[in-house]
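Residue numbers (the working numbering): 15 to 168.
Ideal Cβ placement from N, Cα and C applies to all residues, glycine included.
Since the structure is predicted, the reported quantities are computational estimates derived from the model, not experimental observations.
What follows is a set of notes on a single structure, which appears directly below.
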């Protein structure tokens, strides 16, 4: 594929301005012929066509007269620090003072320990990390509303 040169520019003289009264300054030189020539590119770009446009996706919100706007601001209750054993806490969901219900769940660290035992050659001991609570994550829940309170993983 051959490399093509861009089209050349053409010279066009500027339109002649209407004579205007000038102040009596004789120190300014008259404009030269070089200053009256402007360059126009060979390619000109067409303006963006105007036409029908797409209507907005949603109609504008109009509020009936005499009504007011209500803003609802919600906050997420902070998580309570908990340990490995059931803990006496104030539930942020139901506002009751309860002793948490705990559930343990294996984590990626549990699976990693089981894989390490298998690779070392202790494959009969692979189930040990799944039986030990210290290798699992402890989730605390409220016994009244079953709301999640917090978790602990060491």
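Residue i and residue j: beta carbons closer than 9 Å?
| i | j | result |
| --- | --- | --- |
| residue 124 | residue 113 | no |
| residue 166 | residue 115 | no |
| residue 126 | residue 142 | no |
| residue 83 | residue 76 | no |
| residue 150 | residue 144 | yes |
Taking residue i as the reference, give the member of the options with the closest Cα.
| i | options | result |
| --- | --- | --- |
| residue 158 | 87, 111 and 18 | 111 |
| residue 109 | 160, 133, 145 and 19 | 160 |
| residue 146 | 136, 128, 80 and 133 | 128 |
Would you grab the beta carbon distance between residue i and residue j for me? Rounded to a whole angstrom, and I think it's under 8 Å.
| i | j | result |
| --- | --- | --- |
| residue 164 | residue 95 | 7 Å |
| residue 117 | residue 155 | 7 Å |
Taking all protein chains shown into account, decide if residue i is buried (16 or more other Cβ within 10 angstroms of its Cβ) or exposed.
| i | result |
| --- | --- |
| residue 139 | exposed |
| residue 105 | buried |
Who are the near neighbours of residue i in its chain, counting only those whose CB is closer than 6 Å to its CB and skipping five residues on each side?
| i | result |
| --- | --- |
| residue 153 | 117 and 165 |
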